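Worksheet: one structure, shown below.
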Amino acid sequence: MKILAHISRVIVGLLFIFSGLIKLNDPVGTQYKLEEYFEVFATDFSAFQHFFEALIPFALYFSVFLCAAEVVLGIALLVGYKPKTISWLLLLIIVFFTFLTFYSAYFNKVTDCGCFGAAIKLTPWTSFGKDIFLLILILIIIYKRKIFKSQPTGFIVALSTLASLGMAVYSLRHLPIFDLLAYRVGANIPAQMKPSEPLQYKYIFTKDGKELEFEQYPTDTTMVFKDMIVMNEDAKPTITDFRVWNDEGDFTEETFKGKKLFLIIKNLTDINTAAFPDIQKLVNAVKKQGVEPIVLTSASSEEITKFLTQHQLTLPFYYVDATVLKTISRSNPGLWLLKDGTVKGKWHYNDTPTAEEVLEDVAK
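Residue numbers for the sequence shown follow UniProt numbering, beginning at 1 and rising by one.
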């Protein structure tokens, strides 16, 4: 049992560190997931609606705290810092995560819990199973906690706390250190909107109380259709919801033609306006060099027109779904450079590039 407890300590510590570091790389992504949970709980638990709605503005703080806590607790467990206290804190946090993943799986809500950020996508039930596995290991650690002697490693834990918070702050003030999303630099957007190979389907019908499966759609009209399942899931398009439009129609295909610098304005409620003088200089400069600046937004026509006028930006604007814009840019505003559908650059408003930098990137 002692050996099992030591093995459990190592596995739990490493998994918590791995999970926390991936999410610290992109704390805004975890913020969005927490906001989804709070919105779902506000609807499903109407008696506590105002409570959960009140938590939404603090989702980013919760995100940083939880992500940093995973890393710090994992390191503390491995280096033997106050093992009794740490094991109980681990139990507390895993019970919280297990509840979230169970709720996602059982009620089919927030179907991607973001357990490993954008690096590893898990189904809700897989996420729940992973948390049950960790819960069992942590219970073993607690049961045998007396065999773990406290070590004088407080300096390491303090250092890991500072490093974790520093990583989160850097990612928030700039962009994720490692961009794992589909709209990252180097990605070709139209290619990701197509399946990597022809999709293969399995068709399920019922007849006379029996369930029948076919690889080709049957012609027997007496059968009742039940389901259609994709056999080669890995071949599905990576991007399925990217669409650009305005009041005149769809503009998606035009997005992939030529050199375009997109100004991402996700919304007008939490936008940083201090960056716009530099952005204005940039778009005016690149426009003269053959790069077309365009605004992508989820704001209404009236709102965005008024906003652009206030900031002296004479740019065409198009609509994109708010969730897609959140995925494209973790910054509001953000800048996204495309050449023939391939992402050449991506910037946080704190890192607004010069026109020379944009032209250099688009020439690559």
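A virtual CB, placed ideally from N, CA and C, is assigned to each residue, including glycine.
No experiment lies behind these values; they were computed from the predicted model shown.
When DSSP states are grouped into helix, strand and coil, P237 belongs to the coil group. Cβ neighbours of V324 within its own chain (closer than 7 Å, five residues either side excluded): D241, F242. Residue state for N232 is assigned as coil, using DSSP reduced to three classes.
Along the segment 156-238, the beta strand (DSSP E) occurs as fully enclosed runs of 3 or more residues at 201-207, 210-214, 224-230, listed in sequence order.
About 7 Å separates the Cβ atoms of Q289 and A355, confirming a contact at the 8 Å cut-off. Exclusion of the five residues before and after S196 leaves A235 as the residues of its chain whose Cβ lies within less than 7 Å of its Cβ. Closest by C-alpha distance to L313, out of Y349, A68, R9, N284, is N284. Per DSSP, the unbroken alpha helix (DSSP H) holding F62 starts and ends at 59-79.
Restricting attention to A76, V320, L137, the CA atom closest to the CA of L91 is found in L137. Under the three-state reduction of DSSP output, D44 falls in the helix class.
In this structure, the beta-carbon distance from G13 to L78 falls below 8 Å. Closest in alpha carbon position to E303, among F317, S171, P293, V291, is F317. The Cβ atoms of I204 and D220 do not sit closer than 8 Å to each other. DSSP, reduced to helix, strand and coil, places P316 outside both helices and strands of the structure shown, so it counts as coil. Excluding sequence positions up to five before and after Y349, its CB lies within less than 6 Å of the CB of N272, A275, S331, P333, all in the same chain and listed in chain order. Put simply, of T238, V95, A68 the residue whose alpha carbon is nearest the alpha carbon of P190 is T238. In terms of CA proximity to T123, F102 leads the group F102, V40, Y61, P176. Contact fails between the segment 125-141 and the segment 162-181, because fewer than three Cβ pairs, one in each stretch, are under 8 Å apart. Judged by DSSP in its simplified three-state form, T98 adopts helix. If the five residues before and after M1 are omitted, its C-beta is found closer than 7 Å to the C-beta atoms of K144, all from its own chain and listed in chain order.
The beta carbon of V320 sits closer than 6 Å to the beta carbons of V244, L296 from its chain, once the five residues preceding and following it are set aside; these are given in chain order. Taking C-beta atoms under 8 Å as the contact rule, F41 and F52 qualify, at a distance of about 5 Å. For V343, the three-state secondary structure derived from DSSP is strand. In the structure shown, G334 falls within a strand segment according to DSSP collapsed to helix, strand and coil. According to DSSP, V295 shares a beta bridge with L263, F317.
Looking at the DSSP output, N246 shares a beta bridge with G249. When the alpha-carbon of E248 is set against those of L60, Y217, S301, F99, the nearest one is in S301. Per DSSP, V110 is not a residue of any alpha helix (DSSP H), being assigned neither H nor E.
In the three-state scheme derived from DSSP, where H, G and I count as helix and E and B as strand, H311 is classed as coil.
A Cβ-Cβ separation of about 6 Å places G154 in contact with Y81 under the 8 Å criterion. Annotation: A322 to Y32 spans about 12 Å, alpha carbon to alpha carbon.
The bridge partners DSSP lists for H348 are G334.
Take L4, set aside five residues on each side of it, and the residues of its chain with a beta-carbon closer than 7 Å to its own are I140, in chain order. Going by C-alpha positions, F262 is about 9 Å away from T255. With a contact defined as Cβ atoms closer than 8 Å, E215 and K207 miss out at about 17 Å.
CA-CA distance, N108 to F225, rounds to 23 Å.
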